[in-house]
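Q: Take this structure first; my questions come after.
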Amino acid sequence: MSTDTDAVGQLKHALEELEVRLERVSAADASERLAALLTEPAIGTTLPFEGVSLPESVTTEPTAAVLADAQTGITPATFAIAEYGTVALESRAAGDEPISVYPEHHIAVVAASDVVPDLAGGFDRLAARFDAGGDSIVFATGRSATADMGDLVHGVHGPGEVTVVVLEDR
Numbered sequence: 001m002s003t004d005t006d007a008v009g010q011l012k013h014a015l016e017e018l019e020v021r022l023e024r025v026s027a028a029d030a031s032e033r034l035a036a037l038l039t040e041p042a043i044g045t046t047l048p049f050e051g052v053s054l055p056e057s058v059t060t061e062p063t064a065a066v067l068a069d070a071q072t073g074i075t076p077a078t079f080a081i082a083e084y085g086t087v088a089l090e091s092r093a094a095g096d097e098p099i100s101v102y103p104e105h106h107i108a109v110v111a112a113s114d115v116v117p118d119l120a121g122g123f124d125r126l127a128a129r130f131d132a133g134g135d136s137i138v139f140a141t142g143r144s145a146t147a148d149m150g151d152l153v154h155g156v157h158g159p160g161e162v163t164v165v166v167l168e169d170r
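Note that UniProt numbering gives residue 91 to position 91 of the sequence shown, counting from 1, and the numbers run on in steps of one.
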């Protein structure tokens, strides 16, 4: 069993604890699977994975009006930390951060080779990203939740539903 497979299995377990669904898909089938997962209207940012594109129904113009209406947001994850069920999202001018927060359903897409097992692996990836010129990463772990007013409530200040799509390496 490869390290990628072990880390993806660990990520799946951590996400289940957070009530987040993980979908494993080949790059060849990814666009079709993303189309099946989303609810329109949908917004997204370009996916940097060879052979994977957003479904045609997904807009890539993150205006305030489009964000307010969007039911689904699709963004790439730079990497994922399996131990915590965390995805690392770049905060880019393309709008990754608001697209991951405003719609009711966020779909994060990550390559299996970019799933690291633990926080140390996450820090290694983060250091490499900053060394390459990146300057902002947002860590998202599970669905938005708050217990400020008593019982735990999901989706108050972020997506109520999150799906992580793991692209199997080719």
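Virtual Cβ for every residue (Gly too), placed ideally from N, Cα, C.
DSSP three-state call for E19: helix, strand or coil?
A: Residue state, collapsed to three classes: coil.
Q: Identify the residues that DSSP records as bridge partners of A108: which are they?
A: DSSP output for A108 lists T75, V164 as bridge partner(s).
Q: Quick one: what's got a C-beta closer than 7 Å to G44's C-beta in the same chain, skipping five residues either side?
A: Hits under 7 Å: L54, V58, T60, G73, I74, T75, I99.
Q: Going by beta-carbon coordinates alone, are V162 and V20 separated by less than 7 Å?
A: Contact flag set, yes.
Q: Comparing C-alpha positions only, which one of L67, A27, E32 sits nearest to E56?
A: Residue E32 is the option with its Cα nearest to E56.
Q: Quick one: what does DSSP say F123 is sitting in, helix, strand or coil?
A: Helix.
Q: With a Cβ-Cβ cutoff of 7 Å, do P41 and D69 count as a contact?
A: Yes. Within cutoff.
Q: Strictly by DSSP, which residues pair up with G44?
A: Paired residues: I74.
Q: Between the C-alpha atoms of T46 and L37, what's the straight-line distance to the nearest angstrom?
A: Rounded to whole angstroms, T46 to L37 spans 17 Å at the Cα level.
Q: Let me make sure I understand the geometry here. Which of A88, R24, E168 has the alpha-carbon closest to that of L119?
A: Per the Cα distances, A88.
Q: Measuring CA to CA, which of E23, A112, R92, L67 is closest to I137?
A: Ranking the options by Cα distance to I137, first place goes to R92.
Q: Determine the direct distance from the alpha carbon of V66 to that of L22, and round the result to whole angstroms.
A: Distance between the alpha carbons of L22 and V66 is about 26 Å.
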